[in-house]
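Protein chains in written order, with our numbering: chain A, 424 to 725; chain B, 2 to 420.
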């Protein structure tokens, strides 16, 4: 009798364990699917700053191949380094910005953002005249612009010299380049989103899913630290279009601006327009009291 | 369960490198032995954990878009539970403080329960951090020397150090005590007592560092308060004792151990202080924010009263306040064990809400650009959360089960000494 009970118990345990193990395997199955899409090279890739030139070359060509495979688009991904004696600054004239959001749209296209979420690094706030209180601003206005009694305040990454996002990152996946631009190594970021919590300007975005872009809409001129298509689960941010500006071009948002409200340039060049604005206009930065030392300035004409 | 004592004088010198794994293997096997009630309990927990795993696998594959998190509210249920878990782990040493600092021998016997709870709670925290990560495959980037550890600048790296350190200290103390029991030897106080004292200081540090994660962010006025760390410590000293009071009674009933009411009384006196202190600190925050007005009050007034019809957090925080206040009344009134248990459950749930829906979420609302975007967790998030909690309870159950002979032995010895 005792023997049959123990046999039965044993059988029950075996059945239970088998059921448990198969439930476990079934539950974990999607992870397997996800892991199949990860290449070993990607998983073991070193931090951008530690890659040798050969390794970097391999990484770039691997990323190009992956873009072709996943998105069906032939792209070139370059590693564009900062120019010497360059320190970028950006200023925006609030008196003439009309809130048309062309800058946000240009950013969307230039930087290969996800089409479905209409993502952009620029958020344009419609503000009540007479107040700089952001809580009175509205980012979801939907009417002809400019509306009376309103002014418009586009906000993007301020490339702070004392950036809270860099401080908090646990793995140094984000850092400041010599020309002042704060970048992210999309292949090193662990996706903890601490930087997103730390940023006082809502400048950072997370890839809640892999971006979806039709092949024909993909901007093929890409760089590793800026506008290449970001992987799922990592942070991204405005890079002052470093793939353009480090080659003497202007940021896409500036080129798209119909009113000339945006001024971009090298702060170290005494003859630059940005220097003229900083020296002659009544300039302010957002949330100066936080001590973040932004490189993005606002000013009024009159 | 029973351990067979295998040691004799000759094997004493035998290397522990072989014996210790064998001891761990015994612990593992032991987790499959038990009556029908034990099996039912463990099966239920496993089932919930598997559901959580399924939801998590789905999240990893699909991306975190299947959560309700957004670029506005970028941390939610997971980080809320992580924060709460750190408090639970820190609070678990409340067992240890009276035992060792005030030399309360009755509590001495029970400290191992606190240590085991701390281990389970830290496991809970680590799981919640991992399920919150967008790229769990890159966890190795966080490893010191192998990855790039942004220490000492990033508070998160400090948190990794203190949480893992705390886990190791508690694993050492618990493991050592159980192992000595397995070998049939008397524990050597020199090997574990210093670590017990270390764990007391360390417990304070884990919750302080966790508070510093939030309170150091100048862009989030709701968190940017020097009172945050004291509040965290205060509330940790609610959840730990509240959980242990109930746990002791469960152990007493289920394992049939002789635990008298004195330790419970000690923990109750702790709750008599910490629950009102926690409420007081909350009121102090409330006054500062609401009386001053302006930006610093925006998140708190949204939390308490809503903003232009957006009221997702209002029921949560008032429930938390009602629970905390009634638990304060209950521990101060002359209620029996049943009333005390009710107070413990109310306080535990009250703090859970206060730390999560009442602290992490409103830190993001309004956003840094003044937008009010609400957050209501999805079913996936709740499933993963339940799964992690089930896993933590599984660990706790196994730990307590393993500790039973230690508790039995020590309690028996104590009684013999007294008689």
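Positions of the beta carbon are idealized from the N, C-alpha and C atoms, including for glycine.
Below-7 Å beta-carbon distance, residue i vs any chain B residue
{"i": "residue 468/A", "result": "no"}
{"i": "residue 513/A", "result": "no"}
{"i": "residue 558/A", "result": "yes"}
{"i": "residue 566/A", "result": "no"}
{"i": "residue 446/A", "result": "yes"}
{"i": "residue 631/A", "result": "yes"}
{"i": "residue 613/A", "result": "yes"}
{"i": "residue 479/A", "result": "no"}
{"i": "residue 442/A", "result": "no"}
{"i": "residue 705/A", "result": "no"}
{"i": "residue 656/A", "result": "yes"}
{"i": "residue 758/A", "result": "Given a span of 424 to 725 for chain A in the structure shown, any question on residue 758/A remains unanswerable."}
{"i": "residue 619/A", "result": "yes"}
{"i": "residue 595/A", "result": "yes"}
{"i": "residue 591/A", "result": "yes"}
Cβ of residue i within 7 Å of any chain A Cβ
{"i": "residue 220/B", "result": "yes"}
{"i": "residue 123/B", "result": "no"}
{"i": "residue 369/B", "result": "yes"}
{"i": "residue 75/B", "result": "yes"}
{"i": "residue 23/B", "result": "no"}
{"i": "residue 2/B", "result": "At residue 2/B, the pLDDT of 40 sits below 50, so the modelled position is not reliable; the number obtained from the coordinates is stated separately. Taking Cβ atoms only, chain A never reaches closer than 7 Å to residue 2/B, which makes this a no."}
{"i": "residue 6/B", "result": "Low per-residue confidence applies at residue 6/B: pLDDT is 46, beneath 50, and the placement is therefore not dependable, though the value from the model is reported in the following sentence. No, residue 6/B does not count as interfacial toward chain A."}
{"i": "residue 58/B", "result": "yes"}
For residue i, three-class secondary structure by DSSP
{"i": "residue 561/A", "result": "strand"}
{"i": "residue 597/A", "result": "strand"}
{"i": "residue 261/B", "result": "coil"}
{"i": "residue 311/B", "result": "strand"}
{"i": "residue 33/B", "result": "coil"}
{"i": "residue 399/B", "result": "helix"}
{"i": "residue 23/B", "result": "helix"}
{"i": "residue 514/A", "result": "strand"}
{"i": "residue 5/B", "result": "The predicted model places residue 5/B with a pLDDT of 46, which falls under 50 and marks its position as unreliable; any figure quoted below should be read in that light. Three-state DSSP puts residue 5/B in coil, outside helix and strand."}
{"i": "residue 155/B", "result": "coil"}
{"i": "residue 714/A", "result": "coil"}
{"i": "residue 552/A", "result": "coil"}
{"i": "residue 222/B", "result": "coil"}
{"i": "residue 206/B", "result": "helix"}
{"i": "residue 68/B", "result": "coil"}
{"i": "residue 632/A", "result": "coil"}
{"i": "residue 573/A", "result": "strand"}
{"i": "residue 644/A", "result": "strand"}
{"i": "residue 500/A", "result": "strand"}
C-beta atoms of residue i and residue j nearer than 7 Å
{"i": "residue 522/A", "j": "residue 549/A", "result": "yes"}
{"i": "residue 638/A", "j": "residue 494/A", "result": "yes"}
{"i": "residue 34/B", "j": "residue 256/B", "result": "no"}
{"i": "residue 55/B", "j": "residue 240/B", "result": "no"}
{"i": "residue 172/B", "j": "residue 394/B", "result": "no"}
{"i": "residue 304/B", "j": "residue 363/B", "result": "yes"}
{"i": "residue 231/B", "j": "residue 108/B", "result": "no"}
{"i": "residue 111/B", "j": "residue 258/B", "result": "no"}
{"i": "residue 558/A", "j": "residue 669/A", "result": "no"}
{"i": "residue 650/A", "j": "residue 534/A", "result": "yes"}
{"i": "residue 229/B", "j": "residue 243/B", "result": "no"}
{"i": "residue 271/B", "j": "residue 95/B", "result": "yes"}
Nearest neighbour of residue i, chosen from the options [CA to CA]
{"i": "residue 361/B", "options": "376/B, 239/B, 64/B", "result": "376/B"}
{"i": "residue 577/A", "options": "527/A, 487/A, 433/A, 687/A", "result": "527/A"}
{"i": "residue 619/A", "options": "36/B, 371/B, 394/B, 75/B", "result": "75/B"}
{"i": "residue 260/B", "options": "151/B, 311/B, 72/B, 247/B", "result": "247/B"}
{"i": "residue 326/B", "options": "309/B, 101/B, 273/B, 339/B", "result": "273/B"}
{"i": "residue 683/A", "options": "591/A, 467/A, 666/A, 520/A", "result": "520/A"}
{"i": "residue 536/A", "options": "636/A, 432/A, 592/A", "result": "636/A"}
{"i": "residue 657/A", "options": "555/A, 435/A, 571/A, 631/A", "result": "631/A"}
{"i": "residue 487/A", "options": "671/A, 478/A, 499/A, 694/A", "result": "499/A"}
{"i": "residue 440/B", "options": "262/B, 137/B, 128/B, 252/B", "result": "Given a span of 2 to 420 for chain B in the structure shown, any question on residue 440/B remains unanswerable."}
{"i": "residue 452/A", "options": "27/B, 136/B, 22/B, 57/B", "result": "57/B"}
{"i": "residue 52/B", "options": "538/A, 707/A, 445/A", "result": "445/A"}
{"i": "residue 358/B", "options": "42/B, 106/B, 151/B, 77/B", "result": "77/B"}
{"i": "residue 612/A", "options": "654/A, 574/A, 478/A, 553/A", "result": "654/A"}
Contact belief for residue i with residue j at Cβ below 8 Å, rounded distance in angstroms
{"i": "residue 177/B", "j": "residue 192/B", "result": "6 Å"}
{"i": "residue 594/A", "j": "residue 149/B", "result": "5 Å"}
{"i": "residue 588/A", "j": "residue 717/A", "result": "With a Cβ gap of about 12 Å, residue 588/A and residue 717/A do not count as contacting."}
{"i": "residue 591/A", "j": "residue 621/A", "result": "4 Å"}
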